[in-house]
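A.B. asks: For reference, the structure I am asking about is given below.
There are 6 protein chains.
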Amino acid sequence: MIPFRKAQSCAVHVSGGEFNCAANLSDGFGMRTAIATAMVKYPIGELIAGQVRAMGVTPHYKMFDHDGVHGPNMAAVYSDRGFGVRGPVVFYNRSNEAAARLKPGDFDWNSIFGAGVRWFHSGGIFAALSETTAELIIEAMRQARNHGAVVSFDLNYREKLWTASGGLSRAQSVLGRIVDNVDVLVGNEEDLQKGLGIRGPQVAAKSKLDPSAFFGMMEDVLAKYQNMKVVATTLREVHSTNRHTWGAVAWVSGQTFVSPTCELEVYDRVGGGDGFASGFFYGLMSGESPEQAVRLGWAHGALLTTFPGDTTMASLDQVRAFAQGGSARIQR
Amino acid sequence: MIPFRKAQSCAVHVSGGEFNCAANLSDGFGMRTAIATAMVKYPIGELIAGQVRAMGVTPHYKMFDHDGVHGPNMAAVYSDRGFGVRGPVVFYNRSNEAAARLKPGDFDWNSIFGAGVRWFHSGGIFAALSETTAELIIEAMRQARNHGAVVSFDLNYREKLWTASGGLSRAQSVLGRIVDNVDVLVGNEEDLQKGLGIRGPQVAAKSKLDPSAFFGMMEDVLAKYQNMKVVATTLREVHSTNRHTWGAVAWVSGQTFVSPTCELEVYDRVGGGDGFASGFFYGLMSGESPEQAVRLGWAHGALLTTFPGDTTMASLDQVRAFAQGGSARIQR
Amino acid sequence: MIPFRKAQSCAVHVSGGEFNCAANLSDGFGMRTAIATAMVKYPIGELIAGQVRAMGVTPHYKMFDHDGVHGPNMAAVYSDRGFGVRGPVVFYNRSNEAAARLKPGDFDWNSIFGAGVRWFHSGGIFAALSETTAELIIEAMRQARNHGAVVSFDLNYREKLWTASGGLSRAQSVLGRIVDNVDVLVGNEEDLQKGLGIRGPQVAAKSKLDPSAFFGMMEDVLAKYQNMKVVATTLREVHSTNRHTWGAVAWVSGQTFVSPTCELEVYDRVGGGDGFASGFFYGLMSGESPEQAVRLGWAHGALLTTFPGDTTMASLDQVRAFAQGGSARIQR
Amino acid sequence: MIPFRKAQSCAVHVSGGEFNCAANLSDGFGMRTAIATAMVKYPIGELIAGQVRAMGVTPHYKMFDHDGVHGPNMAAVYSDRGFGVRGPVVFYNRSNEAAARLKPGDFDWNSIFGAGVRWFHSGGIFAALSETTAELIIEAMRQARNHGAVVSFDLNYREKLWTASGGLSRAQSVLGRIVDNVDVLVGNEEDLQKGLGIRGPQVAAKSKLDPSAFFGMMEDVLAKYQNMKVVATTLREVHSTNRHTWGAVAWVSGQTFVSPTCELEVYDRVGGGDGFASGFFYGLMSGESPEQAVRLGWAHGALLTTFPGDTTMASLDQVRAFAQGGSARIQR
Amino acid sequence: MIPFRKAQSCAVHVSGGEFNCAANLSDGFGMRTAIATAMVKYPIGELIAGQVRAMGVTPHYKMFDHDGVHGPNMAAVYSDRGFGVRGPVVFYNRSNEAAARLKPGDFDWNSIFGAGVRWFHSGGIFAALSETTAELIIEAMRQARNHGAVVSFDLNYREKLWTASGGLSRAQSVLGRIVDNVDVLVGNEEDLQKGLGIRGPQVAAKSKLDPSAFFGMMEDVLAKYQNMKVVATTLREVHSTNRHTWGAVAWVSGQTFVSPTCELEVYDRVGGGDGFASGFFYGLMSGESPEQAVRLGWAHGALLTTFPGDTTMASLDQVRAFAQGGSARIQR
Amino acid sequence: MIPFRKAQSCAVHVSGGEFNCAANLSDGFGMRTAIATAMVKYPIGELIAGQVRAMGVTPHYKMFDHDGVHGPNMAAVYSDRGFGVRGPVVFYNRSNEAAARLKPGDFDWNSIFGAGVRWFHSGGIFAALSETTAELIIEAMRQARNHGAVVSFDLNYREKLWTASGGLSRAQSVLGRIVDNVDVLVGNEEDLQKGLGIRGPQVAAKSKLDPSAFFGMMEDVLAKYQNMKVVATTLREVHSTNRHTWGAVAWVSGQTFVSPTCELEVYDRVGGGDGFASGFFYGLMSGESPEQAVRLGWAHGALLTTFPGDTTMASLDQVRAFAQGGSARIQR
């Protein structure tokens, strides 16, 4: 309830698009997952490493020493959940961030992927950190493809970050080069327009929940990225910070799939998008139909907004029950 | 907000259908009430006894020693309130439960009831604990009737408990024998069907709030239990864990009474049913009309869902004001 | 969630209509503000003085010694926020209150106002404390006018307080003498009727949000107080303790201005009225149009109900964005 | 850790010398106890009544209505536990206190004591509240004696209170008249000197724990109050707010009894004196030797300083074990 | 501060002698560890499994289904930390405990140990659970020896548990059979006397910190268990619940090693013994001298008592610094 | 109790040597104080500005915009209080810190000091931030002297910071140039040796509390800084994180002054040194004798370690009472 400017204490959460997906797939869906990232040897690093471990994610860390004063640092994200008519607020301290120093060659992908990788995922926030992080993503995607993995990317277009690293034109150039290597793309209309320069919807959507505008952009996506197999996104109408209407859609090899919609009472909206992505990927990886994969992603993202923090506290049984149309009736 | 599987702390509440009614009638409605139950000499027992006393309920305890390791134990109920689209979850550790050892002869009913008992109440959870608890209920009901008390019973059909003690047919046989002694029965359509084997509604209800299906079952109830005077239940439509529509109804000697309905913002739904029962019993005992009794039960149950824990924090003034159509406007 | 009668701890907030406005204008809107009030030399006084300072309000204190036993005391207001169908409850311990001893002559208005006062504000709760407080308000208003300040007053009619200090007729007589000195009056229909004896609306409003009844009373207000320039109020429909529909209106020199309405999820309703008043005064003082002033007051009052406590935690940017039709979408 | 002047929340406890003894004897020692006191019909009164009930104390209330504004009120005691070199601080708001209105005739002592009273206890704080409270104590003591009860009184001399109600000479006159009716007196050297005008110790004690000075005053006590049977007190050396050395002594019909001493880590010192008194009274009432009674009082007072609040959370087993020389070794 | 009988909430910790050692060695000392134990499919099981994972311990679970009512259950340990003169209290609900059902054959030791086990550890609490758990320990110890592992056992004699499973003579018979397979034994004088029937010290120790009595028992231990290589224990003098003097000693192949002693301010004493054992094992496994191993165990056990919960929050650097004589001076 | 590596939440405090002194002198001692520093326009800056205001310190801010991603930032200090044998740990994120950009010319000293400055204070942490901060300190000191102010400096030698900005030789050169402008120097033996290159004590001190070694260095200090009028420091022996022995000393124009010593139970040691400095400065500024000034500083520093956070919660009355030898006895 208390905004950051009046805070006297704050809760500590570990988050990040790639980590959230890996953590959700491990802790909530029971899959084996790993992350490759930067880790700094200092108490904040230990705290983060502890949470990575707690969520069952295997770490591959490029280690950095901290000088006790200036870093390099693990990025700090400050967020205030908001309430009612007051929206959530998020800002960063990414100064001298260790992750921005990551570059091609830092990880032994052959060894990491050699154990039998099936899926590789990254996103637009990490891509925006520095010149080298985007190249690292491309390096990893190519190697992952060589090992037979599906490659996914969440555009997650953040204007502030790209402004700080070259602006819109650099964003589109960098993201375009990345998306050339991608099978499964996650992003909403705005991500597609701003991040990839795709033309906006030609027809106005009737509502935030109407998928026709999003699907109408697929032709242009395909024209630019002929090998794209899947494009998916959540649809969210924000009535207030605590009440959203929630849906999800996917275009899969020319076919379109639309989840049910539901009314959400939102405790913490951050992480809902990664919740969708991880549930959707789980469905695709575990042999579910695209329709069921969209439903699982939709259900998991919905449940995720009822927990504090950005990673899952749901169980697979809960996700499946909600995807099947489960209600909030008491279980006893 | 945090589900049990991620919990780092938990709140301690004392609950139980019979205790909840006694506690509500004492603390909220100012009546003199007592319970007869099992009590174990160990810190959890002391904690429970303290809360019994705090709610103003006179205890009649059959005492058990705890061996420090295996029990006998006071039952533990674990519950997670859920949030929004995520439903509440309740489960038990009733292993080696002291209460299951209670049996006819354990209490001196003459002395307990001799002081002038006006009402006796029990319920289906206690009935399901063991072979002897059902017999104890019947013994107590007969003695209570001899002392001129009204006898009520809340079916509270819990499939898990009956599965563990003999299944559906035993449930119906046991509950049927109990209900033969009952004047006032509390239970919804499902309780009547599963617990007593009454035929389900012949016409589908238009909604969860439509009382016609429930009232339609009364003929069959009366056929089986000719002396039944009152059958009552709450009606609840669960939009989400935190938003319910709430009503209550009673069949009283052939007449039907229906409360208003209201939209509830639910903080903790558990205890709402006992909240209705206790308010309703209060109305009947204090000479209110059946219509007003239903309203008092409905109002009290509604208020109870706005508090943590399963017992009341409302005052009689608040209950009366809400029953009269009171609003949530500020009182100052 | 826990009502006062079951409380085991309570949060401490500093509040008061005049202080709330001064604190909001300072902390939220960046203006220089001051209060003149009673202060007792004891830890509760120090606590209050600390919060006055923390909100950036310059204090002018008439100091009192506390005898350690009976006072004089700073007033205590006990409030329970309520939840859902359960309304908030507020009551006082104003026995031997230092503020009630304040009287004309206690403050050196020339020195206080001499630094360039632009606005003076008081309200009906302070007016009701004792015979001398009303006289002090009138003294201060006259001096403020002499220094060229706008004079405002919030009727805030509280029946309990006036009953304790002379009843309805004394209230109307006292408040009438005060309002003779006022340029900007804050109060809803009930305040105008009970506090000033203005005739009630001649036509029933269609809803609590319909401003026509309120505006319909302006003719009578003007008849009685020919120099009145502005009369403003909030409009609030209380669906439940946590859900209100919220609007605000002002009559300014014969013209009427109506804010948009919005659905509020209310965390703590107390302070919303002062939130409106302070935002509205800010608009008028900073050269905004009356329309925009009403919107700023409306927006600020809405945001204030999303914070704990009675004073603002909002920033001017947030208020402006919401007044412009801002949504609860995440800012990142 | 946070002093009152910086507090943002406070814990709510129910306390009072007579209540603390009654509550300790009931909750900790399993005896039947009652209090006769003032009770105000408002939420703070309900909160207090709830705690009286929770501690198992039978209430005899003289009821008062609260006007919502000025009272009459239940007294508020503000206390800050201090830490280390920083001492605890306690102050009151006793303005318009309901208890001060209590007077002879307010209680039906015949009915209260008729059920078989064995012990009556009161103390110097209640005696200081007003002219009528001292008379009420004397009335009750006489009636209690008539019913064969032991009568005890804890001098608890508080300078601030007596200053507010007539000063030292009135204190000594009032307390002297009360003590004329007393069998068992609780008070330290300072209480005896200031409250009763007994000459101070003629020989300096070697330390705060040396009982000789206290015992040296007994001759003078006996000279003044020939019927006095028992005088007892705790001995406490305060090394810091959190570290005390703790002992207790009693003079019983000419014999002296001294407890062991122990080093206390003090969580909350308030209530330790009542803790001693109640344990000591328990010992006397339950047929223990005076030596064992002193030890039980000493042990219970020591344990009480390890709990928050002013009333006991100890069990009789714990008290007995500590009185027998029990250590802080783990019990498992 | 609040004892169990007055608790309104409780913290949830995962504990157990074998788990604590595995968790400490993994999280604090950076070693690869695993546990073999029972796990129940229900939310408490998930919570425990999450904490096992969070501490970096590889689980080998024998899975059990929970019937929702009676179990089988994960054991519940209730503990109250005590304060000052009030000692800690621990008690159990081990009714229908899943772990007690574990038996020889439940784990595929070849596969578990085949990956290169260096050390196997178990303890007397698990041994006492049932007839089959002791046999399972012996089975595992034999297999571990076959794989070349060091075998250790912590006697942890708990009278209550053995009373419930056959009494002292069965305890000594069972523990004797287990210890026949042990290289490294952990236990204090009382454990050796009660658990193994070793004669008590022939000469009284000068204090709880004097190791001569413990070392004096080694001859008898060796007479009974000729192959014993190491016997170690902590020495603890309990001044109060929060102040202990702390030391540790080991007999290693005929030589004796004694740690320094230090004054502990104890936050939570439970887990200190496992803290010693794990630090001591780490020293032995990592090639430190026995002297340094004792110091590492002593230092780690000391640090562990400064954290809540029973498992480590220390880092290896902290342990090494304290073992080298590090002080509590601030690090900045 | 929980170290940073396991933290799930953290408290937010505003600190800094110069701010702490200004805040203590304002909030605790009732003086008018101001700070000149860097302020960033983002929520963390607003939070800090709020706390500056809450402590009554007039701000002179050089404002910086934050880009939402990289800064410039307000410095973050992470600290873990430790417990018992576990020492406190402090580390920073000072990357891209706004304060390091401050440089001569940034503040209008004439206007700031023109209002009648009596004292100027800075310290070695700010001096170490960058090349320009040291120059800014010298600029300010010269101007302060021109306005007749006393100039003080707290060496606060932090090795990590100087290592990051040029090492020991640069530290000594920079600090030496600063101290040339200083009247009152605060620093212990180690600060004098490392920060100023003064020869260490020629005779070993008998204990940490023995002031002779410190006073023995004064000759060398005076040889290097002939105009030095006062050198002062605290003396602290750390028995454990929570138990220190505490003293303070000052050399004033050739005379030496030594405070009493006391045993501290430490809640949070950080801020104790600034607590001494501010109390000592208060004494000197308010015309107390040097002896009394040392006592006031010593008393205030002692009290400060009993509060959370780095700034005072004490009142002048408390400080004076403790300086006079006040005890921790209860005040009521």
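Residue numbers (this note's numbering), protein chains in the order written: chain D, 281 to 612; chain P, 281 to 612; chain X, 281 to 612; chain H, 281 to 612; chain B, 281 to 612; chain W, 281 to 612.
In this text, a Cβ means the ideal position worked out from N, Cα and C, and glycines have one as well.
Just reading off the alpha helix (DSSP H) that P:SER595 is part of, what are its end residues?
C.D. replies: Your numbering for residue 595 of chain P matches position 315 in the second sequence. Here P:SER595 belongs to no alpha helix (DSSP H), and DSSP marks it neither H nor E.
A.B. asks: Which residues bound the beta strand (DSSP E) around P:THR313?
C.D. replies: Counting from one through the second sequence, the residue named residue 313 of chain P turns up at place 33. First-last of the beta strand (DSSP E) with P:THR313: 313-321.
A.B. asks: On the DSSP bridge assignment, give the partners of W:TRP531 in chain order.
C.D. replies: Here residue 531 of chain W corresponds to residue number 251 of the sixth sequence, with the count starting at 1. Its beta-bridge partners are W:VAL511 and W:THR536.
A.B. asks: Is the beta carbon of X:ASP500 closer than 8 Å to that of X:VAL466?
C.D. replies: Residue numbering aside, residue 466 of chain X sits at position 186 when the third sequence is read from its first letter. Residue numbering aside, residue 500 of chain X sits at position 220 when the third sequence is read from its first letter. No, these two residues do not count as a Cβ contact at 8 Å.
A.B. asks: Of all the residues that make up the stretch 570-595 of chain X, which are near chain D by a beta-carbon distance shorter than 8 Å?
C.D. replies: Here the close residues are ALA582, LEU583, THR585, THR586, PHE587, PRO588, MET593, ALA594 and SER595.
A.B. asks: Using 8 Å as the limit for Cβ to Cβ distance, is D:ARG285 near chain W?
C.D. replies: Translated into the one-based positions of the first sequence, residue 285 of chain D becomes position 5. Taking Cβ atoms only, chain W reaches closer than 8 Å to D:ARG285, which makes this a yes.
A.B. asks: Among D:ALA318, D:ARG450, D:LEU327 and D:LEU489, which one has its Cα closest to the Cα of D:GLU469?
C.D. replies: Residue mapping note: residue 469 of chain D aligns to position 189 of the first sequence, counting from 1. With distances taken between Cα atoms, D:GLU469 lies closest to D:LEU489.
A.B. asks: Am I right that B:ASN701 and B:GLY351 are in contact with their C-beta atoms under 8 Å? What's the rounded C-beta distance?
C.D. replies: Nothing can be reported for residue 701 of chain B, as the shown portion of chain B is limited to 281 through 612.
A.B. asks: Starting from W:LYS363 and walking both ways along the beta strand (DSSP E), at which residues does that stretch end?
C.D. replies: Taking the sixth sequence and counting its residues from 1, one reaches residue 363 of chain W at position 83. Note that residue 363 of chain W corresponds to Phe in the displayed sequence, not to Lys. From DSSP, W:PHE363 is part of no beta strand (DSSP E); its letter is neither H nor E.
A.B. asks: Would you be able to state if there are at least three C-beta pairs under 8 Å between the stretch 451-461 of chain B and the stretch 311-326 of chain B?
C.D. replies: Output reads no: the stretch 451-461 of chain B does not touch the stretch 311-326 of chain B.
A.B. asks: In whole angstroms, what separates the C-alpha of W:PHE556 from that of W:ALA528?
C.D. replies: What you label residue 556 of chain W is simply residue 276 of the sixth sequence in a count that begins at 1. What you label residue 528 of chain W is simply residue 248 of the sixth sequence in a count that begins at 1. Those two C-alpha atoms are separated by around 8 Å.
A.B. asks: Please check if any C-beta of chain P sits within less than 8 Å of the C-beta of H:GLY606.
C.D. replies: Counting from 1 along the fourth sequence, the entry for residue 606 of chain H is found at position 326. Output row for H:GLY606: interface = no.
A.B. asks: Measuring only the C-alpha atoms, how far is B:ASN353 from P:GLY404?
C.D. replies: Position 73 of the fifth sequence holds residue 353 of chain B. Position 124 of the second sequence holds residue 404 of chain P. C-alpha separation (whole angstroms): 24 Å.
A.B. asks: Count the other CB atoms, across all protein chains shown, that sit within 10 Å of the CB of P:ARG479; report buried if there are 16 or more and exposed otherwise.
C.D. replies: As a first step, residue 479 of chain P must be located in the second sequence, where it is residue number 199. With fewer than 16 Cβ atoms within 10 Å of its Cβ, P:ARG479 is classed as exposed.
A.B. asks: Could you check the C-alpha separation between B:PHE371 and P:GLU543 for me, to the nearest Å?
C.D. replies: On the fifth sequence, position 91 is the one that residue 371 of chain B refers to. On the second sequence, position 263 is the one that residue 543 of chain P refers to. If I take the Cα positions, the gap works out to 44 Å.
A.B. asks: Below 7 Å on C-beta distance, what does X:ASP347 contact in chain H?
C.D. replies: Along the third sequence, read from residue 1 onward, the residue named residue 347 of chain X stands at position 67. Ordered by position in chain H, the residues that pass the 7 Å Cβ test against X:ASP347 are ALA444.
A.B. asks: If we ignore side chains and look at the alpha-carbon of each, how far apart do P:ALA579 and D:ARG600 end up?
C.D. replies: Looking up residue 579 of chain P in the second sequence gives position 299. Looking up residue 600 of chain D in the first sequence gives position 320. Using only the alpha carbons, I get a separation of about 36 Å.
A.B. asks: If the cut-off is 9 Å on Cβ atoms, which residues from the stretch 320-344 of chain H count as contacting chain P, listed in chain order?
C.D. replies: Flagged, chain order: PRO323, GLU326, GLY330, GLN331, ARG333, ALA334, MET335 and GLY336.
A.B. asks: May I have the straight-line CA-CA distance separating H:GLY428 from H:ASP460, to the nearest angstrom?
C.D. replies: As a first step, residue 428 of chain H must be located in the fourth sequence, where it is residue number 148. As a first step, residue 460 of chain H must be located in the fourth sequence, where it is residue number 180. Straight-line Cα distance between these residues: approximately 16 Å.
A.B. asks: So who's on the other strand from H:PHE433, going by DSSP bridges?
C.D. replies: By one-based count along the fourth sequence, residue 433 of chain H stands at place 153. Paired residue(s): H:SER402 and H:LEU465.
A.B. asks: Less than 7 Å between C-beta atoms, sequence neighbours within five positions excluded: which residues of the same chain meet that for B:GLY330?
C.D. replies: Locating residue 330 of chain B in the fifth sequence gives position 50, where the first residue counts as 1. Nothing listed; no residue qualifies.
A.B. asks: Does any C-beta atom of chain P lie closer than 8 Å to the C-beta of X:ILE392?
C.D. replies: The count along the third sequence starts at 1 and reaches residue 392 of chain X at position 112. No, X:ILE392 lies away from the interface with chain P (no Cβ there is under 8 Å from its Cβ).
A.B. asks: Terminal residues of the continuous beta strand (DSSP E) containing B:LYS342?
C.D. replies: Counted from its first residue, the fifth sequence places residue 342 of chain B at position 62. Note, B:LYS342: beta strand (DSSP E), 337-345.
A.B. asks: Would you kindly check if the distance between the Cβ of P:SER566 and the Cβ of P:GLY308 is under 8 Å?
C.D. replies: What you label residue 308 of chain P is simply residue 28 of the second sequence in a count that begins at 1. What you label residue 566 of chain P is simply residue 286 of the second sequence in a count that begins at 1. No, the Cβ-Cβ distance between P:GLY308 and P:SER566 is not below 8 Å.
A.B. asks: Run the CB neighbour count on P:GLN598, radius 10 Å, all protein chains shown included, and call it buried at 16 or more, exposed below.
C.D. replies: The residue given as residue 598 of chain P occupies position 318 in the second sequence. It counts as buried.
A.B. asks: Looking only at its chain, what residues have a beta carbon closer than 8 Å to the beta carbon of H:LYS321, apart from the 5 residues adjacent to it on each side?
C.D. replies: In the fourth sequence, the residue the question calls residue 321 of chain H occupies position 41. Cβ neighbours of H:LYS321 beyond the five flanking positions: MET343, PHE344, ASP345 and HIS346.
A.B. asks: Which partner residues does B:PHE371 have in the DSSP bridge list?
C.D. replies: Counting from one through the fifth sequence, the residue named residue 371 of chain B turns up at place 91. Per DSSP, B:TYR358.
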